[in-house]
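Participant:
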Amino acid sequence: MKKKFLIGILSLGFAFLGCEQDDIERANRVSFENETVEVQVPRDAIDFQRPISIYVSEVSGSDRVFQIAVNDEESTLESSEYSIPSSVTVPANSKTGEFIMTVSDVSLSFEAKTLSLQLLSDDDTYTGNAMLFVTERCDDTVVGLNLAFDDYAEEAYWDLYDLSGTPTIIFSGGQGSAYDELDNGEFDIEFCLASGNYGIVVYDGYGDGGTTFTVSAGETVLASGTVPGGNPANVPTNITSLFTVD
171 MKKKFLIGIL SLGFAFLGCE QDDIERANRV SFENETVEVQ VPRDAIDFQR
221 PISIYVSEVS GSDRVFQIAV NDEESTLESS EYSIPSSVTV PANSKTGEFI
271 MTVSDVSLSF EAKTLSLQLL SDDDTYTGNA MLFVTERCDD TVVGLNLAFD
321 DYAEEAYWDL YDLSGTPTII FSGGQGSAYD ELDNGEFDIE FCLASGNYGI
371 VVYDGYGDGG TTFTVSAGET VLASGTVPGG NPANVPTNIT SLFTVD
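Residue numbering for the sequence shown follows this note's numbering, starting at 171 and increasing by one per position.
Structure follows, in structure tokens:
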């Protein structure tokens, strides 16, 4: 008897959950084009426009307006770098609406900045969220740098030079013991490089070497090596490598 009672309770529970799920699936919904949206901005662009679509599950005979809210706590994109409207309209007899996000490349790189958005409704419409990942778009060649550290990652730092004219440092990293938490680990970063000649110098601040580096474009290794040791304590060593981007 107890067993039958328990089975009955479980059956009712599953039936309730099933009905609840069906209600949600049938409910009036509005959502972004995707839960994650990539926004790639051309280098140094000012007021670059990216259309973003929204979709509703039910057609209405009149325009429907949804508010667009920004979750600042989950966003890293600075307000000075973008603008979006406060609302978006789905026209009558349509399931699709669109708004324009305007972005300027103030400080963008290949490390994505985020913008967390939510749609708001005045009725019982289920509303959606989206996380926008905003990066600089590369119209040249994406070149990656991989660093593999020894027990003392905080000793490693590097400079990347543009050698097309007077050697000029265009990227740097690791200064100030920035990799302190990456002992026996790895670090990866990407650059967008135009065709030309470049050089990379990887240092060991203590002088005992150990960091291995690889510069690559896709599957092609452009440069690699390991920082040597052999110097007295706190006398830095380094390794220099030249490479060409076609």
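Even for Gly, the Cβ is constructed at its ideal location relative to N, Cα and C.
1. Pick from GLU356, ASP309, TYR331, GLY335: whose alpha carbon is nearest that of ALA323?
2. Look at GLY267 and VAL273 and say whether their C-beta atoms are less than 8 Å apart.
3. Applying the 10 Å Cβ sphere with the 16-neighbour rule, what's the burial state of GLU306?
4. Helix, strand or coil, according to DSSP, for ASP320 in the structure here?
5. Just list the residues that DSSP pairs TYR349 with in beta bridges.
6. Could you give the distance in angstroms between the alpha-carbon of MET301 and the alpha-carbon of GLY380?
7. So GLY366 is in the beta strand (DSSP E); what residue range does that whole segment cover?
8. Going straight from the alpha carbon of ALA393 to that of ILE340, what length do you get?
9. With three or more beta-carbon pairs closer than 8 Å as the criterion, would you say the stretch 388 to 403 touches the stretch 347 to 364?
10. Looking at C-alpha atoms only, which residue of LEU317, SER365, THR297 is the closest neighbour of GLU325?
11. Taking the DSSP output, what are the residues bridged to LEU125?
12. Could you give the first and the last residue of the continuous beta strand (DSSP E) run that contains ALA257?
13. How long is the line joining the alpha carbons of PHE449 and THR295, rounded to whole angstroms?
14. With three or more beta-carbon pairs closer than 8 Å as the criterion, would you say the stretch 280 to 290 touches the stretch 337 to 354?
15. Going by other Cβ atoms of all chains shown within 10 Å of its Cβ, with 16 needed for buried, is GLY377 buried or exposed?
16. Taking contact to mean 3 or more Cβ pairs, one atom from each stretch, closer than 8 Å, check whether the stretch 203 to 213 and the stretch 229 to 242 are in contact.
17. Please classify VAL391 as buried or exposed, where buried requires at least 16 other C-beta atoms within 10 Å of its C-beta.
18. Does the separation of the CB atoms of ARG327 and GLY400 fall below 8 Å?
19. Rounded to a whole number of angstroms, what is the C-alpha to C-alpha distance between THR311 and ARG199?
20. For a test of the three-state rule: what should DSSP assign to ASP378, helix, strand or coil?
Facilitator: Straight from the coordinates:
1. GLU356
2. no
3. buried
4. In the three-state DSSP reduction, ASP320 falls in the coil class, being neither helix nor strand.
5. For TYR349, which the question treats as bridged, DSSP gives no partner whatsoever.
6. 39 Å
7. 366 to 374
8. 17 Å
9. no
10. The shortest Cα separation from GLU325 among LEU317, SER365, THR297 belongs to LEU317.
11. Lying outside 171 to 416, the shown extent of the chain, residue 125 is not represented and no answer is given.
12. It is Ser, not Ala, that sits at residue 257 in the sequence shown. Unbroken beta strand (DSSP E) run through SER257: 257 to 260.
13. The requested residue 449 is not part of the displayed model; the chain covers only 171 to 416.
14. Because the criterion of three Cβ pairs below 8 Å is not met, the stretch 280 to 290 and the stretch 337 to 354 do not touch.
15. buried
16. no
17. exposed
18. With the sequence shown as reference, residue 327 is identified as Tyr, and Arg is not the correct amino acid for it. For TYR327 and GLY400, no; Cβs fall outside 8 Å.
19. 41 Å
20. coil
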